[in-house]
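A.B. asks: Residue numbers (the working numbering): 443 to 818.
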Ligand code: GAF
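(1) At the level of alpha carbons, what is the spacing between residue 620 and residue 481?
(2) Would you tell me roughly how many angstroms separate the C-alpha atoms of residue 645 and residue 502, rounded to the nearest one?
(3) Could you have a look at residue 485 and say whether DSSP puts it in helix, strand or coil?
(4) Applying the 10 Å Cβ sphere with the 16-neighbour rule, what's the burial state of residue 755?
(5) Would you kindly work out how many angstroms separate the C-alpha atoms of residue 682 and residue 460, rounded to a whole number?
(6) Got a sec: does the ligand GAF put a non-hydrogen atom nearer than 7 Å to the Cβ of residue 649?
(7) If I'm right that residue 386 touches residue 702 with Cβ under 8 Å, what's the distance once you round it to whole angstroms?
(8) State the start and end residues of the unbroken beta strand (DSSP E) segment that holds residue 591.
(9) CA-CA distance, residue 818 and residue 614?
(10) If you measure from the CB of residue 724, is any heavy atom of the ligand GAF nearer than 7 Å?
(11) Going by beta carbon distance, what residues of the same chain come within less than 8 Å of residue 452, once the five residues before and after it are set aside?
(12) Alpha carbons only, please: which of 687, 779, 586 is nearest the one belonging to residue 437?
(13) Strictly by DSSP, which residues pair up with residue 449?
(14) Tell me whether residue 683 sits in a helix, a strand or coil according to DSSP, three-state version.
(15) Is residue 777 helix, strand or coil when you go by DSSP?
(16) Taking the beta carbon of residue 525 as the centre, do at least 16 other beta carbons fall within 10 Å, making it buried, or is it exposed?
(17) Given a cut-off of 8 Å, decide if residue 568 and residue 464 are closer than it, judged by their beta-carbon atoms.
(18) Apply the 10 Å Cβ neighbour rule to residue 649 and answer buried if 16 or more other Cβ atoms are within range, or exposed otherwise.
(19) Assuming residue 504 contacts residue 550 under a Cβ cut-off of 8 Å, what Cβ separation, rounded to an integer in Å, is found between them?
(20) When burial is assigned at 16 or more other CB atoms within 10 Å of the CB, is residue 790 buried or exposed?
(21) Answer yes or no: do residue 793 and residue 803 have a C-beta to C-beta separation smaller than 8 Å?
(22) In or out: residue 816 buried (at least 16 other Cβ within 10 Å) or exposed?
(23) Spatial neighbours of residue 448 within its chain, please: CB distance less than 8 Å, with the 5 preceding and 5 following residues excluded, ordered by chain position.
(24) Which partner residues does residue 497 have in the DSSP bridge list?
(25) Does the beta-carbon of residue 600 have 16 or more other beta-carbons within 10 angstroms, so that it is buried, or is it exposed?
(26) Within the same chain, show all residues whose beta-carbon is closer than 8 Å to that of residue 492, passing over the 5 residues directly before and after it, in chain order.
(27) In whole angstroms, give me the CA-to-CA distance for residue 778 and residue 765.
(28) Using the Cα positions of residue 608 and residue 768, report the straight-line distance between them to the nearest angstrom.
(29) Count the other CB atoms within 10 Å of the CB of residue 748; is the residue buried (16 or more) or exposed (fewer)?
(30) Excluding five sequence neighbours on each side, which residues of the same chain lie with their C-beta closer than 8 Å to the C-beta of residue 733?
(31) DSSP on residue 744, reduced to helix/strand/coil?
(32) Counting beta carbon pairs with one atom in the stretch 578-594 and one in the stretch 540-548, are three or more of them shorter than 8 Å?
(33) What does the shell around the ligand GAF hold, if a residue joins when its beta-carbon is under 6 Å from any heavy atom?
(34) Whole-angstrom Cβ separation of residue 706 and residue 716, contact assumed at under 8 Å?
(35) Report all residues from its chain with a CB closer than 8 Å to the CB of residue 700; omit the five preceding and five following residues, and keep chain order.
(36) Given the structure, does residue 608 come close to the ligand ADP, in the sense that its CB is under 7 Å from one of the ligand's heavy atoms?
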């Protein structure tokens, strides 16, 4: 990927710049908890967005996307917003840095990536984090701290892309560390790295290839439900609520909002259970909580779909230790914790049964936990 980018940059701009990358992410457990002040447990993966960048001495950004084969040129003021969605991510990052008092001047860039789009692996966070990290290095002497870089990506989603997301994806992309998952407390922003080396097990993603689109999607509605229940309970976020509190207000909220909040409150505890179990090498408990998360996301939070429920059923039938839908939902991947000796059969069965029912095989990705944002 780096060679393609470098060749393309040189052909287009007749010079060479600096190359940066940032990664997509997995999340072992803790879904839709980030914007509720709860815990998440993600890690960066070996699939990334890479960009070559060079300041061009003007007040314009000139950007080329290798994968989409499109070029965009835009200024750095609010009214200069480009129309292409991919360019809006870059524009948003520039604007969010400027809004915080940081410096961004015109630059040329060529970028490409191998984070599958719409698979729930956060290609957009990888793109935002790559540019936030790079522009901090190129124009701001790396004075913007890492949390602020993650927040710059998150605000880009809010203000330029229409997704009212939490902090998890950009956090994982910026803070990712090889062989480590990171438990983040999204209320205090305290985090802890957990060495993640599986013994006798593998972690594999099964991508249904059903595309999800979080923009204008029910994602924002889920968040609004949670905020409504928190409001009724008189707490800042659902992190501060227990199931007993929820029962007390059951009659004054809709059944739908009750179910959403129940899922979030239960998911909070599951993250802590999984972290404890991992430290003890207790993979059965890790897997049990993954299945419970899937059930909650499917029945209570209603962000699954028939294809992902089917993949979850196949995993169960094959004796897979843990399986669940991963990421925001509405399509994408399941994440599966599989014993080494069951791996081949699981993959073959999932491919065959899924293709019989839905006409195409799912895509399989072995998970490799890698570094996050970096200069190459
Ligand atoms: C998406 C969002 F971007 C994250 O902030 C998070 O809420 C996730 O869905 C669900 O856990 O990836």
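Where a beta carbon is used, it is the ideal one built from N, C-alpha and C, also for glycine.
C.D. replies: In terms of the structure at hand:
(1) Against the chain shown, residue 620 aligns to sequence position 178. Against the chain shown, residue 481 aligns to sequence position 39. Going by the C-alpha atoms only, they are around 20 Å apart.
(2) Taking the first residue of the chain shown as 1, we reach residue 645 at position 203. Taking the first residue of the chain shown as 1, we reach residue 502 at position 60. Whole-angstrom Cα-Cα distance: 43 Å.
(3) Locating residue 485 in the chain shown gives position 43, counting from the first residue. DSSP places residue 485 in strand when its eight states are reduced to three.
(4) One-based indexing of the chain shown puts residue 755 at position 313. Classification of residue 755: exposed, given that the 10 Å Cβ count is below 16.
(5) Looking up residue 682 in the chain shown gives position 240. Looking up residue 460 in the chain shown gives position 18. Between residue 682 and residue 460, the C-alpha separation is close to 45 Å.
(6) Translated into the one-based positions of the chain shown, residue 649 becomes position 207. Every heavy atom of the ligand GAF is 7 Å or more from the Cβ of residue 649, so no.
(7) The displayed coordinates of the chain run from 443 to 818. Any statement about residue 386 would go beyond what the structure contains.
(8) As a first step, residue 591 is located in the chain shown; it is residue number 149 there, counting from the start. From DSSP, residue 591 is part of no beta strand (DSSP E) but of the alpha helix (DSSP H) over 588-598.
(9) Here the question's residue 818 lines up with position 376 in the chain shown. Here the question's residue 614 lines up with position 172 in the chain shown. Rounded to the nearest angstrom, the two C-alpha atoms are 18 Å apart.
(10) On the chain shown, position 282 is the one that residue 724 refers to. No, the beta carbon of residue 724 sits no closer than 7 Å to any heavy atom of the ligand GAF.
(11) Here residue 452 refers to the residue found at position 10 of the chain shown. Counting only Cβ-Cβ distances below 8 Å, and skipping sequence neighbours, we find 458.
(12) For the chain, the structure presents residues 443 to 818; residue 437 sits outside this window and is missing.
(13) Along the chain shown, one-based indexing puts residue 449 at 7. DSSP lists no partner for residue 449.
(14) Locating residue 683 in the chain shown gives position 241, counting from the first residue. Three-state DSSP puts residue 683 in coil, outside helix and strand.
(15) Along the chain shown, one-based indexing puts residue 777 at 335. DSSP places residue 777 in strand when its eight states are reduced to three.
(16) Residue mapping note: residue 525 aligns to position 83 of the chain shown, counting from 1. Counting the other Cβ atoms within 10 Å of the Cβ of residue 525 gives fewer than 16, which makes it exposed.
(17) For the purposes of this step, residue 464 is taken as the residue at position 22 of the chain shown. For the purposes of this step, residue 568 is taken as the residue at position 126 of the chain shown. Yes; because the gap between Cβ atoms is below 8 Å, this pair is in contact.
(18) Translated into the one-based positions of the chain shown, residue 649 becomes position 207. Buried: at least 16 other Cβ atoms inside 10 Å.
(19) Taking the first residue of the chain shown as 1, we reach residue 504 at position 62. Taking the first residue of the chain shown as 1, we reach residue 550 at position 108. At roughly 5 Å, the Cβ-Cβ gap stays under 8 Å, so residue 504 and residue 550 are in contact.
(20) In the chain shown, the residue the question calls residue 790 occupies position 348. Per the 10 Å Cβ criterion, exposed.
(21) Here residue 793 is taken as the residue at index 351 of the chain shown, counted from 1. Here residue 803 is taken as the residue at index 361 of the chain shown, counted from 1. Result yes, Cβ atoms of residue 793 and residue 803 sit closer than 8 Å.
(22) For the purposes of this step, residue 816 is identified with residue 374 of the chain shown, where counting begins at 1. With 16 or more Cβ atoms within 10 Å of its Cβ, residue 816 is classed as buried.
(23) Taking the first residue of the chain shown as 1, we reach residue 448 at position 6. Closer than 8 Å at the Cβ level, and outside the excluded window around residue 448, lie 458, 461, 494.
(24) Stepping through the chain shown from its first residue, residue 497 is reached at position 55. Beta-bridge partners of residue 497 (DSSP): 549.
(25) Taking the chain shown and counting its residues from 1, the one referred to as residue 600 is at position 158. Counting Cβ neighbours within 10 Å, residue 600 comes out exposed, since fewer than 16 surround it.
(26) For the purposes of this step, residue 492 is identified with residue 50 of the chain shown, where counting begins at 1. Closer than 8 Å at Cβ, skipping near neighbours: 443, 444, 447, 461, 462, 463, 553, 554, 555, 572, 818.
(27) The residue you call residue 778 lines up with position 336 of the chain shown. The residue you call residue 765 lines up with position 323 of the chain shown. Spanning the two alpha carbons is a distance of roughly 4 Å.
(28) Taking the chain shown and counting its residues from 1, the one referred to as residue 608 is at position 166. Taking the chain shown and counting its residues from 1, the one referred to as residue 768 is at position 326. Computed Cα separation, rounded: 15 Å.
(29) Here residue 748 is taken as the residue at index 306 of the chain shown, counted from 1. By the neighbour-count rule (16 or more Cβ atoms within 10 Å), residue 748 is not buried but exposed.
(30) Start at 1 with the first residue of the chain shown, and residue 733 comes out as number 291. Excluding positions up to five away in sequence, the list reads 754, 758, 764, 765, 766.
(31) Taking the first residue of the chain shown as 1, we reach residue 744 at position 302. In the structure shown, residue 744 sits in coil (DSSP, three-state: anything other than H, G, I, E or B).
(32) Because the criterion of three Cβ pairs below 8 Å is met, the stretch 540-548 and the stretch 578-594 touch.
(33) Every residue passing the under-6 Å Cβ criterion appears here: 473, 474, 476, 477, 564, 607, 608, 610, 611, 769, 770.
(34) Taking the first residue of the chain shown as 1, we reach residue 706 at position 264. Taking the first residue of the chain shown as 1, we reach residue 716 at position 274. Contact flag wrong, Cβ pair sits at about 16 Å.
(35) Translated into positions along the chain shown, residue 700 becomes position 258. If we look at residue 700 and ignore the five residues flanking it on each side, its Cβ neighbours are 671, 688, 692.
(36) Judged by which ligands are present, the ligand ADP is missing from the structure shown, whose ligands are the ligand GAF.
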